[in-house]
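There are 2 protein chains.
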Amino acid sequence: MVPHLITALKGPLLDLERRFLQATPAIERWLRMEWQEHTPPFYCSVGLRNAGFKLAPVEADLFPGAFDQLSDSTLPLAVQAAMAAIEKYCPDARNLLLVPDRRRREPGYFASIHRLAAILRQTGLNVRFGSPDPAIVSPLRIALPDGSALLLEPLRRQGRRVGLTDFDPCSILLNDDLATGAPAVLADLHEQVLLPPLHAGWPVRRRSQHAAAYREVAKRFAKMLEIDPWLISPQHGLCERADLTTRAGEDSVAGAVDSLLRQTRAKYREYGIQSAPFVVLRPDAGDAPSLPLTVRDTGEVRRLPARERERLSPDGPAPLLLQEGVPTVETLGSATAEPVVYLIDRYVVGGFYRVHGEGGAQAPSAAAEPHHVPLPFATSCHLPDCDADPDLAQNRFYAYGVVARLAMLAAAIELEKTDPDQSLYG
Amino acid sequence: MVPHLITALKGPLLDLERRFLQATPAIERWLRMEWQEHTPPFYCSVGLRNAGFKLAPVEADLFPGAFDQLSDSTLPLAVQAAMAAIEKYCPDARNLLLVPDRRRREPGYFASIHRLAAILRQTGLNVRFGSPDPAIVSPLRIALPDGSALLLEPLRRQGRRVGLTDFDPCSILLNDDLATGAPAVLADLHEQVLLPPLHAGWPVRRRSQHAAAYREVAKRFAKMLEIDPWLISPQHGLCERADLTTRAGEDSVAGAVDSLLRQTRAKYREYGIQSAPFVVLRPDAGDAPSLPLTVRDTGEVRRLPARERERLSPDGPAPLLLQEGVPTVETLGSATAEPVVYLIDRYVVGGFYRVHGEGGAQAPSAAAEPHHVPLPFATSCHLPDCDADPDLAQNRFYAYGVVARLAMLAAAIELEKTDPDQSLYG
Numbered sequence: 000m001v002p003h004l005i006t007a008l009k010g011p012l013l014d015l016e017r018r019f020l021q022a023t024p025a026i027e028r029w030l031r032m033e034w035q036e037h038t039p040p041f042y043c044s045v046g047l048r049n050a051g052f053k054l055a056p057v058e059a060d061l062f063p064g065a066f067d068q069l070s071d072s073t074l075p076l077a078v079q080a081a082m083a084a085i086e087k088y089c090p091d092a093r094n095l096l097l098v099p100d101r102r103r104r105e106p107g108y109f110a111s112i113h114r115l116a117a118i119l120r121q122t123g124l125n126v127r128f129g130s131p132d133p134a135i136v137s138p139l140r141i142a143l144p145d146g147s148a149l150l151l152e153p154l155r156r157q158g159r160r161v162g163l164t165d166f167d168p169c170s171i172l173l174n175d176d177l178a179t180g181a182p183a184v185l186a187d188l189h190e191q192v193l194l195p196p197l198h199a200g201w202p203v204r205r206r207s208q209h210a211a212a213y214r215e216v217a218k219r220f221a222k223m224l225e226i227d228p229w230l231i232s233p234q235h236g237l238c239e240r241a242d243l244t245t246r247a248g249e250d251s252v253a254g255a256v257d258s259l260l261r262q263t264r265a266k267y268r269e270y271g272i273q274s275a276p277f278v279v280l281r282p283d284a285g286d287a288p289s290l291p292l293t294v295r296d297t298g299e300v301r302r303l304p305a306r307e308r309e310r311l312s313p314d315g316p317a318p319l320l321l322q323e324g325v326p327t328v329e330t331l332g333s334a335t336a337e338p339v340v341y342l343i344d345r346y347v348v349g350g351f352y353r354v355h356g357e358g359g360a361q362a363p364s365a366a367a368e369p370h371h372v373p374l375p376f377a378t379s380c381h382l383p384d385c386d387a388d389p390d391l392a393q394n395r396f397y398a399y400g401v402v403a404r405l406a407m408l409a410a411a412i413e414l415e416k417t418d419p420d421q422s423l424y425g
Numbered sequence: 000m001v002p003h004l005i006t007a008l009k010g011p012l013l014d015l016e017r018r019f020l021q022a023t024p025a026i027e028r029w030l031r032m033e034w035q036e037h038t039p040p041f042y043c044s045v046g047l048r049n050a051g052f053k054l055a056p057v058e059a060d061l062f063p064g065a066f067d068q069l070s071d072s073t074l075p076l077a078v079q080a081a082m083a084a085i086e087k088y089c090p091d092a093r094n095l096l097l098v099p100d101r102r103r104r105e106p107g108y109f110a111s112i113h114r115l116a117a118i119l120r121q122t123g124l125n126v127r128f129g130s131p132d133p134a135i136v137s138p139l140r141i142a143l144p145d146g147s148a149l150l151l152e153p154l155r156r157q158g159r160r161v162g163l164t165d166f167d168p169c170s171i172l173l174n175d176d177l178a179t180g181a182p183a184v185l186a187d188l189h190e191q192v193l194l195p196p197l198h199a200g201w202p203v204r205r206r207s208q209h210a211a212a213y214r215e216v217a218k219r220f221a222k223m224l225e226i227d228p229w230l231i232s233p234q235h236g237l238c239e240r241a242d243l244t245t246r247a248g249e250d251s252v253a254g255a256v257d258s259l260l261r262q263t264r265a266k267y268r269e270y271g272i273q274s275a276p277f278v279v280l281r282p283d284a285g286d287a288p289s290l291p292l293t294v295r296d297t298g299e300v301r302r303l304p305a306r307e308r309e310r311l312s313p314d315g316p317a318p319l320l321l322q323e324g325v326p327t328v329e330t331l332g333s334a335t336a337e338p339v340v341y342l343i344d345r346y347v348v349g350g351f352y353r354v355h356g357e358g359g360a361q362a363p364s365a366a367a368e369p370h371h372v373p374l375p376f377a378t379s380c381h382l383p384d385c386d387a388d389p390d391l392a393q394n395r396f397y398a399y400g401v402v403a404r405l406a407m408l409a410a411a412i413e414l415e416k417t418d419p420d421q422s423l424y425g
C-alpha cells in the first residue's frame, strides 16, 4: 500500500480506485502469495495511464533511468527496498558494479546513475561504474549537472568473474537495456549475480511476451477481485513480420489495427464510453522510439509518412506490437500528465509524472519534449487508512501502486518464461 | 543506513560517528550476515545516549508505545518494514489481532495503538483490538485524542486458536509487556503467530539477559570495526537479590555500585574524560519506573529515601540491574534530549527525542515530565552519501541507527536464549 503519492487527478475517486481501496486486505494478501512464487526483477519503472474508466500499465522498463527525478522524500523507501533485495541475492555483498547504458552520455542520464548509486551506497555497498564499451580503455571522468563527476571504468574479465581494476563485485547491476547486444564480457557469469539477468535485455525480451504475461496476471487478479480484467489491462495484438514499406505489409498492419479497434469499440460500447478508441504501435523489441505511434483508424496506417514507417522497423520486417491506446484524464495545468511508478524488488519506492506540454486526453503522443514532475508523498497529518474515507486525496495513489506491482509481477513471470535455464522452474 | 534522521547535536561529527560512516560497507555487510542467523523481534524501540565520547543503548523496549510520536514522513518506511515482517511470519495473513497493554487506558497510549494499527492496515491487514482483561466482556469504545475512537473487544479462545467474535487472526501482535503476567487465553498457541513471543514479556525477560546479549554483540561488532566495545556499550552489574530495606542489602548494592564506578572511572581515565561517572539502577525485570534511579557514589545509595528504595523492589528482594550511566550531550534549547529509535523487523523506521524539561548532561533523571519531539528525515536536497563529507548533518544519524540495530540484534539473541523451546536453535 506504500507509498501514497500525490496524483494530479482531482475530484472524487473513480469506481476502480474505490474498489481497490475497499479490497486492500485481499489485494495485499494476493500479492504476498504471488511473491512467494515469483521473484521480481531488481528494479522496474512502470508507465501507467488512468483513463477514468480504466487504469492500465503501458510499458514496463526493466532498466529504468530518471532516478534523479524521484522525490527526495521517497528515497529512504528506495534504500530500504534495495536492502531487502541485496539481502536476498547476495547477503555477504561488499561491492556492487553498476553498468550504465553504453549508448547514453548525456549529463541527465548520469544524474540518474549517480542517484541510483547513492541509493545503493546507502545500503552499505561500495559502488563503482563499469563500461563494456571497448572504446573505454582507461577511467573516464563524466561530469554531472550538479558540478560533481563520476568515474566510468573499463570492465575487466578475469576467468569466471568480471570487475574493475582492484574491484571484485558480488553483484552487477545492469542499467543498459542491451539494445545493441549483450557484450561478451558479461556472458557466462556464474559466480556473480547479474541483475537483472541478460535475458531481460532487448536481444531476448519482447514487449508481446510481457503483454501476454500481464494479461494472465490481470486475469487472475481480476478474478480474485471480481472485476473485468479489461479495466486494468490494454488489449493487444502482434504483427509477427510487419513491413510498412510494402503494400502487403501495410495491409497486414491495417488489418490488425482494425481488429484491435473493433475489440476496443465493443468494450467501449459495453461501458458506454463515447470517445473514439485508438491503437498504439511499438516495435516488439528494442529501445522504443520516445514517442510511440498512435493511429485511430486504418486510414491513418495507410497515410503514415515514410519517416514514421522507418522508425517502426528500421532494419526491415520486424515484429510490431499493437496495444489498445489508453487515454489519460490526468493533467497538470493544461498538459497531459502520465504517471510513472518506480519499484525496487516488490516495493513501490516512488514515481513522477511525465508531463507533455501540449494536447489533452486523446493526444498522449504530443510532439513537445516531456518533462518530469516528482510525485511526493501525501503530506496529510494522518496516515491514509482503509477505514477512512476513500475519497481522501492520499488514498488515490493506492490503485497506481497496485497496477504497477501487477506489471512487476508480469515482468517476473516473463523473465521466468524466457530464462534460457528452464531447469530452475521445473 | 536508513533513515537519516535529524539529530539535536550540532557541530562536527564525533570520532565514533565518523568511524561508523567510513566503515559503512563493512557495517552493513556485518549486519546483513547477522540477520541471516538471527530473526529480529517484530518491533522494538531503543533508547540511546550520546555522550560525545561514547554512544550506547540504555533500554530496548520489546513492546514499544508512542508510535503516534513518530514523524509522519517516516511512516511509509514503517509500512514497508511491516510488510517485510508479515511476509516472513504469515504470507497468507488477512487478519491481525492487536493486543494493547491491559494496564493502560490513557488516550495518549491509545493514540499510539491507533497509529500502529494504521501502519499495519497499510500493509493490507484487517486489524482489530482484543483484550485479555476478564473485566471486558463486551466491545468497549475507547475515545482517542483526535475525537475518533477504537473498539476494544474481549478475546475469545476457541480450542487451539484465539480471536474475537467473527474474527480469526493469523497473527497476534502483543503490545502488552505482560508485567502483570501472561494471560491464560494466550497460552499454547501453536497455529497462530504470536509477535513477539510470550517469553519476550516480563514474566520471563530480564534486563541483565539483554545486557549480556548486547555485550556479546558489541564485542563482536567492535572487533570487526577495530574499536573498543566500551565506546558502544554501558558496563553493567547485577545484584541477584537486592533488598534496600535492610542494612546488609544496602551494603551489597553499595558494593556493586562502587565496583561499577571503579570500572567506569578506569575507562574515563583511559580516555581522558573529566566528568564524574554515575550508575543507573533499574529493576532487572518488570515495567521500569519512568525515571531510573541515578547514583554517583555509595553514599547516595545509603542516603536513598525510603520511597526510592520501595520503587526499586516493591515486592521484597528482587534482582537489580546496575548500568554504567551514559551522559547525554544532546540538548534541545536548554533541555536534555534523549534519542529513541524505532525498529520494525531489521529496519530503522523512525524515532523521536524524549526531551527533559530541566537539567543538563549530567542530570538525565530530572523530575519534570518528558515530552517528545519527532525526528524527521533530513531534508537536504541530496541523499547523504558515504563519499560525501561525513560532517553533513544528514549523515549524523547513521551511527544511531547502527547502535539501535545492534540492540535489536541483542534482543533477537536474548529471545533465542530464553525461548522455552530450545529445539528450534539446535
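If you read the protein sequences in the order shown, they are chains P and S.
Take the first sequence: its position 131, counting from 1, is numbered 130 in numbering that gives the first Met the number 0, and each next residue is one higher.
Take the second sequence: its position 143, counting from 1, is numbered 142 in numbering that gives the first Met the number 0, and each next residue is one higher.
Every residue, glycine too, gets a C-beta built ideally from N, C-alpha and C.
- Item | L342 of chain S to A410 of chain S span [Cα, whole Å] | 12 Å
- Query: Contact between the region 68-86 of chain P and the region 229-249 of chain P: three or more CB pairs below 8 Å?
  - Reply: Touching, no.
- Item | Identity of the residue in P:L151, P:F166, P:R204 and P:Q191 nearest T179 of chain P by Cα | P:R204
- Message: Taking its Cβ as the centre, do 16 or more other Cβ atoms sit within 10 Å of Q208 of chain P, making it buried, or is it exposed?
- Response: Classification of Q208 of chain P: buried, given that the 10 Å Cβ count is 16 or more.
- Query: Between the region 209-216 of chain P and the region 192-199 of chain P, are three or more C-beta pairs nearer than 8 Å?
  - Reply: no
- Could you tell me which of P:E413, P:R155, P:L172 and P:G315 sits nearest to T164 of chain P, measuring between CA atoms? P:R155
- Query: So, is Y399 of chain P buried or exposed, given that buried needs 16 or more other C-beta atoms within 10 angstroms?
  - Reply: buried
- Kindly indicate which residue of P:L54, P:L115 and P:Q273 has the alpha-carbon position closest to the one of D14 of chain P. P:L54
- Query: Is the region 15-33 of chain S touching the region 174-188 of chain S, taking contact as three or more C-beta pairs under 8 Å?
  - Reply: Contact check between the region 15-33 of chain S and the region 174-188 of chain S: fewer than three CB pairs, one atom from each, fall below 8 Å, which does not count as touching.
- How big is the Cα-Cα spacing for V348 of chain P and L20 of chain P? 19 Å
- Task: Report yes if the C-beta distance between H37 of chain P and I412 of chain P is below 8 Å; otherwise report no.
- Result: yes
- Query: In this structure, what does DSSP give as the bridge partners for L319 of chain P?
  - Reply: P:C238 and P:P282
- Answer yes or no: do E307 of chain S and L292 of chain S have a C-beta to C-beta separation smaller than 8 Å? yes
- Where D386 of chain S falls: helix, strand or coil (DSSP): Low confidence applies here, because D386 of chain S scores a pLDDT of 49, under 50, leaving its location unreliable and the question unanswered by this model.
- Query: Excluding five sequence neighbours on each side, which residues of the same chain lie with their C-beta closer than 7 Å to the C-beta of T297 of chain S?
  - Reply: A253, V256 and D257
- Query: With DSSP run on the structure shown, which of helix, strand or coil describes A403 of chain P?
  - Reply: helix
- So I26 of chain S packs on V401 of chain S, CB below 8 Å; how close in whole Å? 6 Å
- Query: Exposed or buried, which one is Q35 of chain S when buried takes at least 16 other CB atoms within 10 Å?
  - Reply: Counting C-beta atoms within 10 angstroms of its own C-beta, Q35 of chain S has fewer than 16 neighbours from the protein chains shown and is therefore classed as exposed.
- Taking the alpha helix (DSSP H) that H189 of chain S falls in, what are its first and last residues? Premise fails: H189 of chain S is in no alpha helix (DSSP H) and is neither H nor E.
- Message: Which same chain residues end up closer than 7 Å to H370 of chain P when comparing Cβ atoms and leaving out the 5 residues on each side of it in sequence?
- Response: V354
- Helix or strand or just coil, what does DSSP make of E337 of chain S? strand
- Item | Residues that R160 of chain S bridges to, as DSSP identifies them | S:Q157
- Give me the Cβ distance between A110 of chain S and V126 of chain S, rounded to the nearest whole Å; I'm assuming they're in contact under 8 Å. With 8 Å as the limit, A110 of chain S and V126 of chain S do not qualify as a contact, their Cβ atoms being about 15 Å apart.
- Query: Less than 8 Å separating the beta-carbons of N49 of chain S and T327 of chain S?
  - Reply: yes
- Message: So, with DSSP's three-state summary, where would you put H209 of chain P?
- Response: Three-state result, H209 of chain P: helix.
- Message: L311 of chain S and A241 of chain S - do their beta-carbons sit closer together than 8 Å?
- Response: A contact, by the Cβ cut-off of 8 Å.
- Message: Using CA atoms only, rank isn't needed, just tell me which of S:L331, S:R261, S:H189 and S:R301 is closest to G324 of chain S.
- Response: S:R261
- Task: State yes or no: is the C-beta of L237 of chain S within less than 8 Å of the C-beta of P318 of chain S?
- Result: yes
- First through last residue of the alpha helix (DSSP H) which encompasses P24 of chain P: T23 to E36
- Task: Tell me where the alpha helix (DSSP H) around P233 of chain S begins and ends.
- Result: Note, P233 of chain S: premise wrong, no alpha helix (DSSP H); not H, not E.
- Task: Select from the region 68-82 of chain S all residues with a C-beta closer than 8 Å to any C-beta belonging to chain P, and list them in chain order.
- Result: Per Cβ criterion, the list reads D71, S72, T73, L74, P75, L76, V78, Q79, A80 and M82.
- Message: Quick check on P466 of chain P: does DSSP put it in helix, strand or coil?
- Response: Summary: the structure shown does not reach residue 466 of chain P, with chain P confined to residues 0 through 425, and so no result is reported for it.
- Item | Host beta strand (DSSP E) of D60 of chain S (start-end) | Taken as a continuous stretch (DSSP letters only), the beta strand (DSSP E) holding D60 of chain S covers L54 to D60.
- Taking all protein chains shown into account, decide if A247 of chain S is buried (16 or more other Cβ within 10 angstroms of its Cβ) or exposed. exposed
- F41 of chain S - DSSP class collapsed to helix/strand/coil: coil
- Item | Rounded distance between the beta-carbons of S44 of chain S and V294 of chain S, thought under 8 Å | The Cβ separation is near 26 Å, so there is no contact.
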